[in-house]
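UniProt numbering puts the sequence shown at residues 1 to 333.
Yeah, the Cβ is synthetic: ideal placement off N, Cα and C, and Gly gets one too.
What follows is a short report on a single structure.
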Amino acid sequence: MAAGPSTLLDVAREAGVSPSTVSRILNGTARVSDDKRQAVMKAIARTNFAPNLMAQGLKKGRSHTIGIIVQDISSPFFDETLHGVDDGLKGTGYASVIVTGHWSALEEADRIRLLLARKVDGIILLSGNLPDEELLHFATQRPIVVTGRALDAPNALGFTMDNEHGAYLAVQHLIELGHRRIAFVSGPPSHADASSRLRGYRKALEGAGIAVDPALVVEGNFHENSGLIAINHLFETRQEFSAVFAANDQSAYGVRLALYRKGVRVPEDVSLVGFDDLPGSSFTTPPLTTVRQPLYEIGLTAITALLRLISGDRVPTRVPPVELVIRETTLPR
Numbered sequence: 001m002a003a004g005p006s007t008l009l010d011v012a013r014e015a016g017v018s019p020s021t022v023s024r025i026l027n028g029t030a031r032v033s034d035d036k037r038q039a040v041m042k043a044i045a046r047t048n049f050a051p052n053l054m055a056q057g058l059k060k061g062r063s064h065t066i067g068i069i070v071q072d073i074s075s076p077f078f079d080e081t082l083h084g085v086d087d088g089l090k091g092t093g094y095a096s097v098i099v100t101g102h103w104s105a106l107e108e109a110d111r112i113r114l115l116l117a118r119k120v121d122g123i124i125l126l127s128g129n130l131p132d133e134e135l136l137h138f139a140t141q142r143p144i145v146v147t148g149r150a151l152d153a154p155n156a157l158g159f160t161m162d163n164e165h166g167a168y169l170a171v172q173h174l175i176e177l178g179h180r181r182i183a184f185v186s187g188p189p190s191h192a193d194a195s196s197r198l199r200g201y202r203k204a205l206e207g208a209g210i211a212v213d214p215a216l217v218v219e220g221n222f223h224e225n226s227g228l229i230a231i232n233h234l235f236e237t238r239q240e241f242s243a244v245f246a247a248n249d250q251s252a253y254g255v256r257l258a259l260y261r262k263g264v265r266v267p268e269d270v271s272l273v274g275f276d277d278l279p280g281s282s283f284t285t286p287p288l289t290t291v292r293q294p295l296y297e298i299g300l301t302a303i304t305a306l307l308r309l310i311s312g313d314r315v316p317t318r319v320p321p322v323e324l325v326i327r328e329t330t331l332p333r
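So this is what it looks like as structure tokens:
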């Protein structure tokens with residue numbers, strides 16, 4: 001351990017790299033191997049080096065903070081995505097400030113203004129309803145990366161998953177099992193992901209020559225209670241169905257509870273498919289068949305893209321595609 005306050009040069013000597021490499025790793029602009037990055041981080045710990053990030057930021061006009069806007073801080077969907085963001089920040093010298101947009105374009109705009117006032121170096125918007133033109137206006141002030149939509153502008157990037165195809169895979173799986181009366185618990189119609197999944201549901205049915213019955217489509221809100229309410233509504237209106245596709249796993253949890261309370265067995269009586277593949281979905285009773293969104297990878301991709309935008313490096317964003325994960329909640333009709 002160094003006697004007295006250690007310096008950047010002490011860290012460089014301990015790690016066996018140049019002082020400029022240490023500096024670039026600390027400010028998040030270095031392109032180095034994981035081994036070299038880990039060597040520097042270990043050297044920092046051994047020498048008790050405390051970089052003055054505020055001073056570094058003042059010199060470069062940076063605060064070394066990233067603003068992140070989620071829509072529901074309690075949602076396991078955003079929790080898993082934030083895990084990816086957090087891992088992407090490790091070793092970069094950046095810290096995050098997390099705020100909530102509550103699926104409101106007005107609140108999202110207000111939170112962006114708040115983050116800009118705090119001099120964040122960039123912003124990640126995880127889903128949301130803010131129009132593209134407003135996002136592009138804010139991007140003239142700081143780099144922005146948004147998930148849930150395609151966006152490509154000088155200081156802004158956006159990427160989305162193929163929600164329509166994911167829903168198609170889910171319903172096609174049920175059709176292949178012989179189901180024809182497939183209920184759908186949708187998301188809010190104002191939400192782009194929900195609209196895409198409804199299109200995928202309809203596309204799969206129509207492609208199989210099955211008429212879409214509007215009575216089997218029940219609007220939900222992506223929360224557990226909407227799945228429970230939807231099933232109660234279907235029973236109250238005496239709808240016949242042998243399978244349910246829920247627009248997300250949280251809704252599927254509510255569907256499962258409602259069916260259990262009515263003495264309907266899953267999957268023996270009714271098959272069930274969700275969407276997202278949340279961490280808890282492999283531990284439900286029975287384990288849930290669902291469409292996997294790579295939530296962790298979405299967060300990791302978002303923060304990687306933002307840090308590169310901040311450093312002036314623009315690269316295409318790529319995340320793994322959605323895929324159907326077959327577990328134990330579906331059976332042949």
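Proximity below 7 Å, CB of residue i to CB of residue j
i           : j           : result
residue 220 : residue 190 : no
residue 182 : residue 230 : no
residue 298 : residue 81  : yes
residue 209 : residue 167 : no
residue 305 : residue 289 : no
residue 108 : residue 130 : yes
residue 286 : residue 224 : no
residue 76  : residue 228 : no
residue 154 : residue 309 : no
residue 177 : residue 333 : yes
residue 271 : residue 249 : no
Cβ neighbour criterion (16 or more within 10 Å) applied to residue i
i           : result
residue 48  : exposed
residue 94  : buried
residue 356 : Any question about residue 356 goes unanswered here, given that the chain covers just 1 to 333.
residue 240 : exposed
residue 293 : buried
residue 184 : buried
residue 254 : buried
residue 179 : buried
7 Å Cβ shell around residue i - same chain, five flanking residues per side excluded
i           : result
residue 411 : With the chain covering 1 to 333 only, the question about residue 411 has no answer from this structure.
residue 194 : 186, 187, 188, 247
residue 83  : 296, 299
residue 32  : 21, 25
residue 117 : none
residue 321 : 162
residue 19  : 8, 9, 12
residue 235 : 262
6 Å CB neighbourhood of residue i in its chain, flanking five on each side removed
i           : result
residue 40  : 15, 22, 25
residue 125 : 69, 146
residue 373 : Residue numbering for the chain in the displayed model covers 1 to 333; residue 373 lies beyond these limits and cannot be assessed.
residue 54  : Low per-residue confidence applies at residue 54: pLDDT is 49, beneath 50, and the placement is therefore not dependable, though the value from the model is reported in the following sentence. Answer for residue 54: no residue qualifies.
residue 98  : 68
residue 267 : 329, 330, 331
residue 198 : 186
residue 119 : 63
residue 42  : none
residue 115 : 67, 123
Alpha-carbon spacing of residue i relative to residue j, whole angstroms
i           : j           : result
residue 9   : residue 123 : 32 Å
residue 156 : residue 261 : 48 Å
residue 237 : residue 256 : 19 Å
residue 149 : residue 96  : 22 Å
residue 343 : residue 303 : Residue 343 lies beyond the range of the chain shown here (1 to 333); nothing can be said about it.
residue 140 : residue 45  : 38 Å
residue 110 : residue 162 : 29 Å
residue 301 : residue 86  : 11 Å
residue 151 : residue 133 : 11 Å
residue 196 : residue 263 : 32 Å
residue 12  : residue 74  : 42 Å
residue 222 : residue 258 : 16 Å
residue 175 : residue 88  : 40 Å
residue 319 : residue 158 : 12 Å
residue 105 : residue 112 : 11 Å
residue 90  : residue 314 : 21 Å
Neighbourhood of residue i by C-beta distance below 8 Å, restricted to the same chain and skipping five residues each side
i           : result
residue 71  : 78, 100, 101, 102, 103, 126, 127, 128
residue 233 : 218
residue 326 : 173, 289
residue 7   : 49
Could you name each continuous alpha helix (DSSP H) segment of 4 residues or more that falls completely within the region 149-206, going from the start of the chain to the end?
163-176
Note down, one range per segment and in chain order, each beta strand (DSSP E) of at least 3 residues found wholly within the region 44-127.
65-70, 95-100, 122-125
Can you list the beta strand (DSSP E) stretches of 3 or more residues lying completely in the region 266-332, in chain order?
271-276, 289-292, 323-325
Enumerate, from N- to C-terminal direction, the unbroken beta strand (DSSP E) stretches of 3 or more residues contained entirely within the region 211-255.
217-219, 243-246
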